[in-house]
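A short write-up of the structure that comes next.
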Amino acid sequence: MRYVYLTLFLIVVLGASVFGFRGSLSTRSPLEVFPDMDHQAKYKPQAESKFFADGRADRPTPVGAVAFGRTDDSADASFLKQDLALFEGKDEKGQALSGFPSALTVDARFLERGQDRFTVYCAPCHGALGDGNGITKQYGMGATPSFHDDRLRQLAEGEIFNVITHGKGNMLSYADKLPADDRWAVIAYVRALQRAAHTTAADVPPGHKSELGIK
Amino acid sequence: MSKLFPKSANKLPLQIIILVFVLGGIATAATTYYATNKYTNVGYAPVQPVPFSHALHAGQLGIDCRYCHVGVDKGPTSTVPTSQTCMNCHNQVKTDSPLLEVVRNSYASGDPVPWVKIHQAPDYVYFNHSVHIARGVSCVECHGRVDEMDVVHQAKPLSMGFCLDCHRAPENFVRDPKLVTQLDWKHPEGVEGQVRDGKKFVHDWNINPPQSCSGCHR
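For the protein sequence lines, the chains are A and Y, in the order given.
Heads up: the first sequence runs through residues 1 to 215, numbered per this note's numbering.
Heads up: the second sequence runs through residues 216 to 433, numbered per this note's numbering.
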């Protein structure tokens, strides 16, 4: 009997040494103890397809297609993207829009959204202050212009929209990251940054002067 | 007549019963320890086509998770970034690095980089990233400290029990949605503060995570 338990003990030690412990790193794909219906004959986003020649389950959008049923609040404007001001940053004459599209309300909430999106998508290069000193500069990114020089302060909102949408110079398009209304929110926040960088003590509302130590 | 069985055979039935229990115990313990996601999935760190370091990009540079995983606050899937996203910087930074060859080719040809998926929800689970992000469940709750991982591995079991831990007591996990991508954030007042604020969030935003089967399975 002693030998039985000794053998058993050795088997347990052997098993533990083969299987190891929980949480140890492994490059092998996970064991599936109970496969159940984990893998079904259906496509999931960004998955592989053996049917299409390029191997993608996600199909590229056909030219000229318009996404239907997006959850933008202004459903009619976004359906065919007919609102040129909102989706292309142009006024009726086809010139770059100055000001913001009439479909959007510029308020504190809009600016907050802009701040949030700016921090995520723009600040790595343009810097939190919009001065072009983002973190990536230390890692070899080329010169990123400051928003606070006269040229960029006087740029029409529609021009900025165009740059975010299509990119410019070394900056690539951010249209895939920022839907049209988010782009406008970012522009509103950029305007706020520009204004903040060019204020004098006289611009501070009287009630807030003491907070900043201004008399 | 010689004895057919030695005297020690009297003990044999009892010894066999004990052995069966011992064997059963070992089998139970081994299954519990090895046959769940905590063993099978946690620690899965496949070799990726590009040795992308989250510790460098998300940790050291502090680039927000959403910069690359664009879809995470917009829809069910936390999308794997396009190679254009990489090229936003790498058209100027380390432009001739051989490690980025795959990314440059992908950007030029339009064919995707063959990233290996790590976190696999079974196909009968309909998980939606955006609802969790919008309600202040941080990335870190399910993915661990990705901002400290040079090579990403699965940090949490992502089993049904793991989901239910939070669905049954969301106040232990929810935080201000503005902080969801700050993976190192912990409530400054510790567990007490987390539960107090968590309860407030659960009440104010009417967070009611489903515990019925059809909440996640269809």
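Glycine included, each C-beta is placed from N, C-alpha and C at the ideal position.
- A224 (chain Y) is classed as exposed because its beta carbon has fewer than 16 other beta carbons within 10 Å across all chains shown.
- Contact annotation: the segment 344 to 364 of chain Y does not touch the segment 7 to 17 of chain A, with fewer than three C-beta pairs closer than 8 Å.
- A check of alpha carbon separations from L97 (chain A) across A:L172, A:Q154, A:G213, A:G20 identifies A:Q154 as the nearest.
- No beta strand (DSSP E) of 3 residues or more sits fully in the segment 159 to 194 of chain A.
- For a Cβ distance threshold of 7 Å, residue set R22 of chain A lies close to Y254 (chain Y), ordered along the chain.
- CA-to-CA, the gap between L276 (chain Y) and G286 (chain Y) works out to about 21 Å.
- Think of a sphere of 7 Å around the beta carbon of M302 (chain Y): the chain A residues whose beta carbon falls inside it are L172, in chain order.
- Comparing alpha-carbon positions, the option among A:S210, A:T199, A:L193, A:V186 lying closest to V120 (chain A) turns out to be A:V186.
- For the segment 217 to 232 of chain Y, the residues whose beta carbon sits under 8 Å from a beta carbon of chain A are, in order, Q230.
- According to DSSP, residue pairing for A96 (chain A) in a beta bridge involves A:K90.
- H284 (chain Y) does not reach chain A, its nearest Cβ partner there being about 10 Å away, counting only Cβ pairs nearer than 9 Å.
- When C-alpha distances from G258 (chain Y) are compared across A:R56, A:D58, A:T61, A:G23, the shortest belongs to A:G23.
- Using a CB distance cut-off of 9 Å, A250 (chain Y) counts as an interface residue toward chain A.
- For V262 (chain Y) and S49 (chain A), the gap between their C-alpha atoms comes out near 21 Å.
- If the five residues before and after H402 (chain Y) are omitted, its C-beta is found closer than 6 Å to the C-beta atoms of G408, Q409, all from its own chain and listed in chain order.
- H344 (chain Y) places its beta carbon less than 9 Å from that of D288 (chain Y).
- Beta-bridge partners assigned by DSSP to E48 (chain A): A:R56.
- The Cβ atoms of V328 (chain Y) and S298 (chain Y) sit closer than 9 Å to each other.
- When DSSP states are grouped into helix, strand and coil, S223 (chain Y) belongs to the helix group.
- In the three-state DSSP reduction, Y259 (chain Y) falls in the strand class (E or B).
- In the structure shown, the three-state DSSP call for S26 (chain A) is strand.
- Within the segment 307 to 343 of chain Y, not a single complete beta strand (DSSP E) segment reaches 3 residues in length.
- Here the alpha carbon of P206 (chain A) sits roughly 9 Å from the alpha carbon of K215 (chain A).
- Assigned with DSSP and collapsed to three states, V285 (chain Y) falls in helix.
- At a C-beta separation below 9 Å, D279 (chain Y) has these neighbours in chain A: T119, V120, Y121, A123, P124.
- No Cβ of chain Y is located within less than 9 Å of the beta carbon of Y189 (chain A).
- Residue-level contact by beta carbon holds for Q40 (chain A) and chain Y, with a gap shorter than 9 Å.
- Rounded to the nearest angstrom, the gap between the Cα atoms of E363 (chain Y) and P266 (chain Y) is 14 Å.
- When rounded, the separation of the alpha-carbon atoms in S268 (chain Y) and I278 (chain Y) is 12 Å.
- Closer than 9 Å to the CB of L238 (chain Y) there is at least one CB belonging to chain A.
- Residue burial is scored here from C-beta neighbours: M1 (chain A) has fewer than 16 other C-beta atoms within 10 angstroms and is therefore classed as exposed.
- With respect to the 9 Å criterion, V361 (chain Y) and A260 (chain Y) are not classified as neighbours on the basis of their beta carbons.
- In the structure shown, the three-state DSSP call for V406 (chain Y) is helix.
- Spanning the alpha carbons of T292 (chain Y) and Q46 (chain A) requires a straight line of approximately 9 Å.
- Taking 4 residues as the minimum length, the alpha helix (DSSP H) runs contained wholly in the segment 353 to 404 of chain Y are 354 to 358, 375 to 383, in order along the chain.
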